[in-house]
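First up is the structure itself, then whatever we jot down about it.
Protein chains: 2
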Amino acid sequence: MDLRAPIRVYMTKKLIGVRPDDTVKRAGEVMVEFDIGSLVVVNDEGNVVGFLTKGDIIKRLVIPGLPNTTPPVKEIMTKDLVTVPSTASVGEVLDILSKKGIKHILVEEDGKIVGIFSISDLLEASRRRLETAIAAE
Amino acid sequence: MDLRAPIRVYMTKKLIGVRPDDTVKRAGEVMVEFDIGSLVVVNDEGNVVGFLTKGDIIKRLVIPGLPNTTPPVKEIMTKDLVTVPSTASVGEVLDILSKKGIKHILVEEDGKIVGIFSISDLLEASRRRLETAIAAE
């Protein structure tokens with residue numbers, strides 16, 4: 001992984017989302033099905049209006065002991081989206097993740113969310129680096 | 138991060154745990170308090186008898202819609218512990234994490250759990266690598 005490369009190179013372009021009125025049960029099912037730790041919340045116009053992580057579910061549903069059908073996703077999602085421009089370097093993005101203590105970040109281009117980068121992507125990139133190093137021997 | 142170094146160098150030695158009879162509410166609170174995605178479950182003899190991730194809580198409590206007080210942690214924890222020896226290389230460990238699709242792994246030495254390695258540790262190591270690279274310029 002080239003830490004100076006733009007994050008665009010390593011981000012995941014396929015965004016997996018739920019609707020604001022979906023239940024948290026549904027959001028959990030989608031996370032399990034796709035084996036991901038976060039989801040974007042997309043409204044009818046196709047705009048990303050929120051972000052939901054496993055941590056949000058633990059903090060705002062499991063700990064208070066709320067049922068999984070109410071509140072819907074929009075009540076427990078994070079509305080204050082953390083984004084980086086697609087031109088930001090991998091190093092800058094890792095720095096933001098670490099300082100904010102978050103594991104996923106949205107990538108934005110021309111005012112639109114175009115991808116997501118998570119520390120799982122970092123795992124894959126590190127593995128590829130290892131394979132390249134071994135192949136070069 | 139030297140991918141050939143033993144995982145011992147990068148693992149977190151401080152294990153944060155709950156008891157088998159603790160509630161999932163309590164486990165969630167500990168995860169939020171320490172900002173971690175997994176916990177070890179430790180019995181009265183001090184042995185690690187299980188492992189609990191945010192994903193386990195989503196899958197086995199939130200989706201089925203169970204209350205946060207029952208079942209206790211022991212009913213939803215993972216009992217089949219995935220461990221690596223402390224001498225395994227970082228590269229081998231990343232490979233296991235990736236192939237198994239997991240984000241945390243326990244590190245074992247002489248039959249005892251001595252640490253945990255998660256992809257958050259990978260984030261910190263990558264950041265240090267960047268700082269070293271910049272300092273060397």
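Protein chains in written order, with this note's numbering: chain A, 1 to 137; chain B, 138 to 274. Glycine included, each C-beta is placed from N, C-alpha and C at the ideal position.
Alpha helix (DSSP H) segment containing residue i, residue limits
i	result
A:Ile76	Val73 to Ile76
A:Leu97	Val90 to Lys100
A:Arg29	Strictly speaking, residue 29 of chain A in this sequence is Glu, with Arg absent from that position. Val24 to Phe34 is the extent of the alpha helix (DSSP H) around A:Glu29.
Beta-carbon proximity of residue i to residue j, cut-off 7 Å
i	j	result
B:Leu152	B:Val177	yes
B:Val227	B:Ile144	yes
A:Pro85	A:Thr23	no
B:Ser235	A:Arg127	yes
A:Leu106	A:Leu81	yes
B:Val298	B:Val155	Any question about residue 298 of chain B goes unanswered here, given that chain B covers just 138 to 274.
B:Ile233	B:Thr149	no
B:Leu259	A:Leu122	yes
B:Lys196	B:Pro157	no
Backbone secondary structure at residue i - three-state DSSP
i	result
B:Ile153	coil
B:Gly187	strand
B:Gly252	strand
B:Leu203	coil
B:Ile194	helix
B:Leu260	helix
Residues near residue i by beta carbon distance below 7 Å, same chain, minus five either side
i	result
A:Ala125	Met1 and Tyr10
A:Met34	Inspection of the sequence shows that residue 34 of chain A is occupied by Phe rather than by Met. If we look at A:Phe34 and ignore the five residues flanking it on each side, its Cβ neighbours are Ile16.
Cutoff 8 Å; reference residue i; Cβ partners in own chain excluding five residues on either side
i	result
B:Thr215	Gly187, Phe188, Leu189, Thr190 and Asp193
B:Ile200	none
B:Glu245	Thr220, Val221, Pro222, Ser223 and Val251
B:Leu140	Ser226, Val227, Gly228 and Leu231
B:Gly165	Ile194 and Asn205
A:Lys25	Asn68 and Thr69
A:Gly101	none
Contact set for residue i: own chain, Cβ-Cβ below 6 Å, skip 5 residues either direction
i	result
A:Ile119	Lys103
Enclosing beta strand (DSSP E) for residue i [first to last residue]
i	result
A:Ile105	His104 to Glu109
A:Leu39	Ser38 to Val42
A:Pro85	Thr83 to Pro85
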